[in-house]
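To keep things clear, I will list the structure first and then write my remarks on it.
Numbering (our numbering), first residue to last: 5 to 188.
Here's what the structure looks like:
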């Protein structure tokens with residue numbers, strides 16, 4: 005079957021801070037093959053921690069949002085798999101909405117980050133046969149993807165090049181031809 009949706013482990017650049025340690029925000033990106041990047045035809049699934057104005061503290065929550073597949077902050081991706089046409093985006097969204105997001109107290113106590121949500125989400129999708137069997141643990145895949153994105157970031161001295169495809173690797177961390185094209 006042609007033109008299946010692609011599910012990526014995505015690494016977006018962010019400014020490191022005391023509240024957000026680490027160079028990348030991670031989540032899942034569901035995108036069509038070779039997206040045009042003119043419409044919001046992709047979906048970002050991730051855990052975010054905005055400040056709750058009433059509670060006056062950061063509160064973790066799951067978010068799914070339509071997006072362009074390529075954004076200026078997207079540093080690189082790992083292709084997790086192609087999604088069968090028989091699986092709807094609504095089913096994926098419903099499954100991912102069940103992934104645990106801790107209370108602020110639990111998150112602070114355990115050092116929980118967006119990466120932890122992604123690891124649980126990948127395991128859930130693999131266990132639910134949304135993804136093909138994975139060659140290693142979600143943690144190992146995250147690390148392979150992280151190392152790949154870091155190597156590409158070093159090559160470009162941390163600057164995004166909007167005229168080239170997003171750096172993409174396979175499940176072994178090896179570079180493959182990316183389908184997420186230039187911004188321009």
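Ideal placement from N, C-alpha and C gives every residue a C-beta, glycine not left out. Remember, it's a predicted structure, so these values are computed and weren't measured experimentally.
My guess is that residue i and residue j are in contact by the Cβ rule of under 8 Å, so how many angstroms apart are they, rounded?
i: residue 182; j: residue 172; result: 3 Å
i: residue 48; j: residue 69; result: 5 Å
i: residue 35; j: residue 59; result: No, residue 35 and residue 59 are not in contact; Cβ-Cβ is about 34 Å, not under 8 Å.
In whole angstroms, what separates the C-alpha of residue i from that of residue j?
i: residue 106; j: residue 27; result: 22 Å
i: residue 75; j: residue 101; result: 23 Å
i: residue 95; j: residue 82; result: 22 Å
i: residue 5; j: residue 139; result: Low confidence applies to residue 5: its pLDDT is 48, below 50, so where it sits in the model is not reliable, and the reading given next is rough at best. In a straight line, the C-alpha of residue 5 is about 23 Å away from that of residue 139.
i: residue 55; j: residue 67; result: 14 Å
i: residue 99; j: residue 11; result: 14 Å
i: residue 134; j: residue 87; result: 7 Å
i: residue 18; j: residue 7; result: 31 Å
i: residue 3; j: residue 42; result: Nothing in the structure corresponds to residue 3, since the chain is present only between 5 and 188.
i: residue 13; j: residue 110; result: 25 Å
i: residue 33; j: residue 152; result: 17 Å
i: residue 179; j: residue 112; result: 35 Å
i: residue 45; j: residue 108; result: 32 Å
i: residue 40; j: residue 169; result: 12 Å
i: residue 63; j: residue 20; result: 18 Å
i: residue 65; j: residue 114; result: 16 Å
i: residue 189; j: residue 160; result: No statement about residue 189 is possible, as the shown extent of the chain runs from 5 to 188 and does not include it.
On a Cα-Cα basis, can you pick out the residue from the options that is closest to residue i?
i: residue 90; options: 41, 119, 175 and 9; result: 9
i: residue 165; options: 46, 61, 67 and 80; result: 80
i: residue 132; options: 31, 15, 97 and 39; result: 97
i: residue 185; options: 38, 13, 144 and 143; result: 38
i: residue 78; options: 154, 129 and 110; result: 154
i: residue 116; options: 46, 52 and 127; result: 52
i: residue 104; options: 33, 126 and 152; result: 126
i: residue 144; options: 160, 187, 174 and 64; result: 174
Leaving aside the five residues before and after residue i along the sequence, list all residues of the same chain whose C-beta is less than 6 Å from its C-beta, in chain order.
i: residue 136; result: 85
i: residue 148; result: 177
i: residue 30; result: 15, 118, 119 and 122
i: residue 156; result: 80 and 171
i: residue 142; result: 123, 126 and 127
i: residue 71; result: 44, 46 and 48
Starting from the C-beta of residue i, find all residues in its chain whose C-beta is less than 7 Å away, skip the five residues before and the five after it, and write them out in chain order.
i: residue 124; result: 103 and 104
Please specify which runs of the beta strand (DSSP E), each continuous and at least 3 residues long, are wholly inside the stretch 13-47, giving them in chain order. 28-35
Hey, which unbroken runs of the alpha helix (DSSP H) at 4 residues or more fall wholly within the stretch 72-147? 93-100, 108-114 and 118-131
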